[in-house]
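Residue numbers for the sequence shown follow UniProt numbering, beginning at 4 and rising by one. Okay, structure first, notes after.
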Amino acid sequence: AKRVLTFGTFDIFHYGHARLLERAKDYGDLLIVGISTDQLNYSKKNRYPFYSQGERLHIVSCMRFVDHVFYEESLELKRDYIQQYNADVLVMGDDWKGRFDYCNDLCEVVYLERTPAISTTGIIEVVRSK
Ligand code: C2G
Numbered sequence: 004a005k006r007v008l009t010f011g012t013f014d015i016f017h018y019g020h021a022r023l024l025e026r027a028k029d030y031g032d033l034l035i036v037g038i039s040t041d042q043l044n045y046s047k048k049n050r051y052p053f054y055s056q057g058e059r060l061h062i063v064s065c066m067r068f069v070d071h072v073f074y075e076e077s078l079e080l081k082r083d084y085i086q087q088y089n090a091d092v093l094v095m096g097d098d099w100k101g102r103f104d105y106c107n108d109l110c111e112v113v114y115l116e117r118t119p120a121i122s123t124t125g126i127i128e129v130v131r132s133k
């Protein structure tokens, strides 16, 4: 079975996330998703996600296209995760275009177009302004 690996925070799960997972699954038979930990988010963005890592992992695990979930502890561990999960393809949104090309000796690296006009930060802003 062809194994697809992708990563993300998936905070306040939305349509863009759903479409990313659905299209990622098209690249193989099994979709494995690394959920960024709260600590990883804090170190990247200086704030914690709205939902905790346990909640985010649970929500993503409930998606029909997703076969396995785990915690992504560090951005620098991509190569380890690819090997640990025996991935054939790494799929990322194109906001990460080029950033993980250094993994292409281990597996195929694919960047998918983001869904326009929807984001977690956008949702937070709209809700906050009501
Ligand atoms: N995404 C998308 N369209 C949107 C919003 C997000 O296709 N409108 C995709 C992103 O490109 C990403 C996935 O959905 O592939 C998850 O998005 P985020 O939760 O924002 O992921 P991020 O915080 O960038 O975490 O190792 C990398 C990190 O874990 C990525």
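Think of the CB as a built atom: it goes at the ideal place given N, C-alpha and C, for glycine as much as any other residue.
Query raised in the report: Given T9, which residues of its chain have a CB within under 6 Å of its CB, disregarding the five upstream and five downstream residues?
Result: Start at 1 with the first residue of the sequence shown, and residue 9 comes out as number 6. Cβ neighbours of T9 within its own chain (closer than 6 Å, five residues either side excluded): A27, V36 and V94.
Query raised in the report: Taking Cβ positions, are D104 and V112 nearer each other than 8 Å?
Result: The residue labelled residue 104 in the question sits at position 101 within the sequence shown. The residue labelled residue 112 in the question sits at position 109 within the sequence shown. Taking 8 Å as the cut-off, the beta carbon of D104 is found closer than this to the beta carbon of V112.
Query raised in the report: Straight-line CA distance for residue 2 to A4?
Result: Not covered by the structure: residue 2. The range shown for the chain is 4 to 133.
Requested in this report: Please confirm whether any heavy atom of the ligand NAD lies closer than 7 Å to the CB of R117.
Outcome: No copy of the ligand NAD appears in this structure; the ligands present are the ligand C2G.
Query raised in the report: Is the closest heavy atom of the ligand C2G to the C-beta of T40 under 7 Å?
Result: In the sequence shown, counting from the first residue as 1, residue 40 sits at position 37. Not so, every heavy atom of the ligand C2G lies at least 7 Å from the Cβ.
**Report entry** For T12 and R59, believed in contact at Cβ under 8 Å, the rounded distance
**Finding:** As a working mapping, residue 59 is identified with position 56 in the sequence shown. As a working mapping, residue 12 is identified with position 9 in the sequence shown. That pair is a contact at about 7 Å.
Report task. State buried or exposed for T124, treating a residue as buried only when at least 16 other CB atoms are found within 10 Å of its CB. Result -> For this step, residue 124 is matched to residue 121 along the sequence shown. Around the Cβ of T124, a 10 Å sphere holds fewer than 16 other Cβ atoms; the residue is exposed.
Query - alpha helix (DSSP H) runs contained entirely in the UniProt domain "Cytidyltransferase-like" (8 to 128), provided each spans 4 or more residues - result: Counting only unbroken stretches of 4 or more residues, the alpha helix (DSSP H) elements lying wholly within the UniProt domain "Cytidyltransferase-like" (8 to 128) are 18 to 28, 41 to 48, 56 to 64 and 81 to 87, in sequence order.
Requested in this report: Report the residue from L23, D32, F16 and N49 whose alpha carbon sits nearest the alpha carbon of E116.
Outcome: Locating residue 116 in the sequence shown gives position 113, counting from the first residue. Of the candidates L23, D32, F16 and N49, the one whose C-alpha sits nearest the C-alpha of E116 is L23.
Report task. Within the same chain, show all residues whose beta-carbon is closer than 6 Å to that of I15, passing over the 5 residues directly before and after it, in chain order. Result -> Residue numbering aside, residue 15 sits at position 12 when the sequence shown is read from its first letter. For I15, where only same-chain residues beyond five positions count, the Cβ hits under 6 Å are F53, T123 and I126.
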